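Below you'll find the structure, written out as structure tokens, and then a few comments.
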Amino acid sequence: MSGTPTSSSEQRLVSKATPHLPWLAARRGLMALLVAITVMLGATLMWRILLPGGITVLQGLILALFTLTFTWIAIGFWSAVAGFLLMLFDRDPLTLARRPRVEEEQDLSITRRTVLAMPIHNESPRHVIAALSATARSLIATGEAHHFELFVLSDSTDDDVARREVREMTALREQFKDQLTVHYRRRHGNQGRKAGNLAEFCRRWGNRYDYMVVLDADSRMTGEALLTLVRAMQARPAVGLIQTVPLPVRQVTLFGRLAQFASSLYSPMLAAGQSGWQGDAANYWGHNAILRLAAFTAHAGLPTLPGRPPLGGDILSHDFVEAALLRRAGWEVQLETRIPGSFEEMPGNLLDYARRDRRWTQGNLQHLRLLGASGLHPLNRLHFLMGALAFISSLLWLCILLAGSLDALLIARSEPDYFGSGAQLFPYWPKAQPELIATLLAITATLLFGPKLLGLILALGRRASGYGGRVRLVASVVLETAVAILMAPIMMAFHSAFVLGVLTGTNVDWGAQDRDSRMVSWWEALRHTAPFALLATLWIGLIHWQVPTLTWWLSPVWVGLALAPLLVRASGLRLPGASRGEPLLLTTPEAGLAPDVLVDANSGALEAAETTTLSPFSTLVPQEAPTEMPTQSLERASLTRVGMRRP
Numbered sequence: 254m255s256g257t258p259t260s261s262s263e264q265r266l267v268s269k270a271t272p273h274l275p276w277l278a279a280r281r282g283l284m285a286l287l288v289a290i291t292v293m294l295g296a297t298l299m300w301r302i303l304l305p306g307g308i309t310v311l312q313g314l315i316l317a318l319f320t321l322t323f324t325w326i327a328i329g330f331w332s333a334v335a336g337f338l339l340m341l342f343d344r345d346p347l348t349l350a351r352r353p354r355v356e357e358e359q360d361l362s363i364t365r366r367t368v369l370a371m372p373i374h375n376e377s378p379r380h381v382i383a384a385l386s387a388t389a390r391s392l393i394a395t396g397e398a399h400h401f402e403l404f405v406l407s408d409s410t411d412d413d414v415a416r417r418e419v420r421e422m423t424a425l426r427e428q429f430k431d432q433l434t435v436h437y438r439r440r441h442g443n444q445g446r447k448a449g450n451l452a453e454f455c456r457r458w459g460n461r462y463d464y465m466v467v468l469d470a471d472s473r474m475t476g477e478a479l480l481t482l483v484r485a486m487q488a489r490p491a492v493g494l495i496q497t498v499p500l501p502v503r504q505v506t507l508f509g510r511l512a513q514f515a516s517s518l519y520s521p522m523l524a525a526g527q528s529g530w531q532g533d534a535a536n537y538w539g540h541n542a543i544l545r546l547a548a549f550t551a552h553a554g555l556p557t558l559p560g561r562p563p564l565g566g567d568i569l570s571h572d573f574v575e576a577a578l579l580r581r582a583g584w585e586v587q588l589e590t591r592i593p594g595s596f597e598e599m600p601g602n603l604l605d606y607a608r609r610d611r612r613w614t615q616g617n618l619q620h621l622r623l624l625g626a627s628g629l630h631p632l633n634r635l636h637f638l639m640g641a642l643a644f645i646s647s648l649l650w651l652c653i654l655l656a657g658s659l660d661a662l663l664i665a666r667s668e669p670d671y672f673g674s675g676a677q678l679f680p681y682w683p684k685a686q687p688e689l690i691a692t693l694l695a696i697t698a699t700l701l702f703g704p705k706l707l708g709l710i711l712a713l714g715r716r717a718s719g720y721g722g723r724v725r726l727v728a729s730v731v732l733e734t735a736v737a738i739l740m741a742p743i744m745m746a747f748h749s750a751f752v753l754g755v756l757t758g759t760n761v762d763w764g765a766q767d768r769d770s771r772m773v774s775w776w777e778a779l780r781h782t783a784p785f786a787l788l789a790t791l792w793i794g795l796i797h798w799q800v801p802t803l804t805w806w807l808s809p810v811w812v813g814l815a816l817a818p819l820l821v822r823a824s825g826l827r828l829p830g831a832s833r834g835e836p837l838l839l840t841t842p843e844a845g846l847a848p849d850v851l852v853d854a855n856s857g858a859l860e861a862a863e864t865t866t867l868s869p870f871s872t873l874v875p876q877e878a879p880t881e882m883p884t885q886s887l888e889r890a891s892l893t894r895v896g897m898r899r900p
């Protein structure tokens with residue numbers, strides 16, 4: 254329970270395991286310097302390429318948009334380089350020590366109460382119970398499950414779904430009786446969405462637990478990962494939140510396996526780099542993370558944004574904001590990259606993946622309104638900006654392509670002016686600069702594809718067998734890169750449409766995600782992507798008519814758009830052998846590392862649910878232990894300065 258005294262052995266481990274993060278300011282300064290130099294180099298090259306003949310308004314716009322997008326990819330590249338070096342030399346991203354801090358904390362006895370909280374909203378009850386059972390079984394196998402309770406927080410508005418939830422949760426509770434306590438609460442209504450669901454739980458039961466591990470409906474975590482998180486929170490009293498790196502698993506479609514392979518190969522490296530320079534001001538991704546409940550309830554109550562949706566109302570991407578509020582109050586937020594056994598599932602085709610991004614687009618664009626909120630850490634403001642740029646950058650790239658095409662057309666249609674307007678003895682000959690163009694293209698390609706090469710180098714040296722051996726690993730990287738190039742323009746088009754939709758007032762329905770491995774019908778693929786293919790064909794036809802040489806330069810973009818319906822349809826294809834975890838390519842090592850949580854073994858609970866008598870909701874919840882969760886202010890001038898309020 255909260256307030257459990259700290260033992261002397263725990264105090265010794267705490268003092269040993271929570272050193273000040275060394276050279277954190279220097280790390281951030283070096284990261285900023287490297288990004289600034291890279292952006293200055295890219296912008297200067299682009300300026301010199303555009304300079305002959307003078308910079309027009311259109312070319313000035315191209316330069317400004319290019320600088321913004323170049324900054325975005327430069328941050329990703331240098332984060333990847335930092336992660337590569339940390340993993341190559343086996344250094345902890347937070348402490349820079351050779352031995353991970355999580356290993357030093359393994360001897361700490363667990364003395365705190367933790368709740369595994371899973372908010373759900375009209376999800377498939379069978380899917381939920383399968384994920385919960387896998388996590389629960391793994392936790393029970395550790396022998397430490399008595400320190401935990403499992404709490405499903407339903408916001409389902411579909412009464413039929415809710416009835417099945419009660420039946421199956423009752424069966425699950427009976428199955429794990431005397432092994433792990435299972436609770437279920439249904440909230441009538443969906444006020445505040447997921448953040449409101451969790452806030453209501455905290456207000457009613459926040460004093461019952463010390464820590465809360467937030468799980469999504471598709472989250473799966475090993476028991477050892479959960480124990481490691483709890484020990485880390487006990488050993489780090491200054492930390493309010495620890496985020497793990499969840500990897501996609503259980504994918505059987507072409508798109509799903511491509512995304513799963515890419516995440517397995519590159520995400521740990523990228524996350525290590527981010528953790529290295531973010532340090533105590535990392536971000537929160539909304540699930541597969543542990544929260545210190547006293548800190549969360551005291552400082553993370555979300556306000557409602559003034560104005561109407563889509564940019565007003567409920568804060569949709571609540572996790573970024575909750576992390577910012579915790580950091581504002583003086584609590585550290587850490588990204589812990591050395592805890593294996595954290596997994597999630599994801600949409601199985603390109604269209605369902607884009608639908609999920611549509612929701613995130615609206616939530617992340619809301620964050621732009623919070624950039625000037627009082628008292629926020631500079632890195633949290635950067636998280637807000639980068640989260641929005643993740644989607645806005647697509648629109649910026651599209652604008653650059655369209656503006657560049659228009660500029661090329663205008664130049665092709667205009668007569669060259671060799672003498673200008675003043676007295677001039679010799680003609681002015683516009684000079685092409687292919688060496689500058691080639692240099693800029695090489696730098697841009699390095700920033701975009703360098704992280705893939707670094708991830709491949711790490712895997713070839715240490716984990717090639719988990720990917721089916723070196724030959725299959727290299728072939729999988731080539732396949733993933735080629736398909737990613739083809740699909741990138743489609744996502745650019747989707748994201749651009751989403752951003753424009755939000756900016757013009759289109760609100761989104763934040764419902765349950767579709768995680769099934771389904772094939773997209775031809776009609777559905779055409780309905781959503783045929784406009785992209787048509788516009789791309791008209792665009793490249795005009796370019797080929799007026800500036801034929803530009804057609805090949807733009808081929809990586811227009812080919813993907815022209816083939817969009819086919820690519821969306823093909824993204825849902827099931828790969829041979831994928832359901833058994835043995836495809837010829839795109840193999841990942843995660844299934845072999847944690848088979849207990851990745852394979853469903855809940856048939857007993859599901860069969861029992863068919864004959865279970867419905868129980869009243871009240872019998873599935875514990876006695877309340879309420880606490881206050883005040884709403885925080887995010888106004889620009891509401892506070893003169895927010896102090897460090899961590900006890």
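For this note's numbering, add 253 to where a residue sits in the sequence shown, where the first one is 1. We put the beta carbon where it would ideally sit given N, CA and C, even for glycine. If you're wondering where the values come from, they're calculated on a predicted model, not measured in any experiment.
- The segment 359-377 makes contact with the segment 455-475; the number of CB pairs closer than 8 Å reaches 3 or more.
- Secondary-structure assignment with DSSP links P372 through a beta bridge to L406.
- If you draw a straight line from the Cα of R723 to the Cα of W325, it is about 32 Å long.
- About 5 Å separates the CB atoms of N450 and D408; that is less than 8 Å, so the two are in contact.
- Its Cα nearest to that of Q504, the residue L826 stands out among L826, E881, A878.
- L546 and R446 have their C-alpha atoms spaced approximately 19 Å apart.
- A straight-line Cα-Cα distance of about 52 Å links T804 and V466.
- With contacts defined by Cβ atoms closer than 8 Å, A333 and G565 do not form a contacting pair.
- Counting the other CB atoms within 10 Å of its CB gives F401 a total of 16 or more, which places it among the buried residues.
- Nearest Cα to L338 within the set N536, M522, T697, C652: M522.
- H540 sits away from L555, with the two beta carbons spaced by 8 Å or more.
- Boundaries of the beta strand (DSSP E) around A542: 542-545.
- Under the three-state reduction of DSSP output, H441 falls in the coil class, being neither helix nor strand.
- For P346, same chain residues with a beta-carbon under 6 Å away, outside a window of 5 residues either side, are L339, A525, S528, G529, T590 in chain order.
- For S749, the uninterrupted alpha helix (DSSP H) segment begins and ends at 723-756.
- In the DSSP assignment, P501 forms a beta bridge with E597.
- Apart from sequence neighbours up to five positions away, the residues of its chain that approach S729 with a beta-carbon distance below 8 Å are F514, Y720, G721, L838, L839, T840, ordered along the chain.
- Note that the C-beta distance between L604 and V773 is below 8 Å.
- When the alpha-carbon of R390 is set against those of M744, T297, E477, R612, the nearest one is in E477.
- The Cβ atoms of L403 and H436 sit closer than 8 Å to each other.
- In this model, S627 and R634 are separated by some 11 Å (Cα to Cα).
- Under DSSP, no beta-bridge partner is assigned to V414.
- Taking a contact to require three or more Cβ pairs closer than 8 Å, the segment 774-782 and the segment 704-717 do not qualify as touching.
- If you look at L286, you'll find it in the alpha helix (DSSP H) that goes 277-303.
- Non-local C-beta neighbours of M639 in its own chain, meaning closer than 8 Å and more than five positions away in sequence, comprise W325, I328, ordered along the chain.
- Residue pairing of Y464 in beta bridges, as defined by DSSP: T367, R545.
- Within 10 angstroms of the beta-carbon of Q444 lie fewer than 16 other beta-carbons, which makes it exposed.
- If you ignore the 5 residues before and after H630, its C-beta comes within less than 8 Å of the C-beta of A534, A577, R580, R581, all in its own chain and listed in chain order.
- Distances from the alpha-carbon of V850 to those of L385, F342, R420, S517 put L385 closest.
- Secondary structure remark: continuous alpha helix (DSSP H) runs of at least 4 residues inside the segment 569-616, in chain order: 571-581.
- Contact between R440 and E453 holds: CB atoms are separated by about 6 Å, below the 8 Å threshold.
- Note that the C-beta distance between L618 and A641 is below 8 Å.
- Boundaries of the alpha helix (DSSP H) around G476: 476-488.
- DSSP places L713 in no beta strand (DSSP E) but in the uninterrupted alpha helix (DSSP H) bounded by 687-715.
- DSSP, read as helix, strand or coil, puts L659 in helix.
- Assignment of A535 by DSSP, reduced to helix, strand and coil, places it in the coil class.
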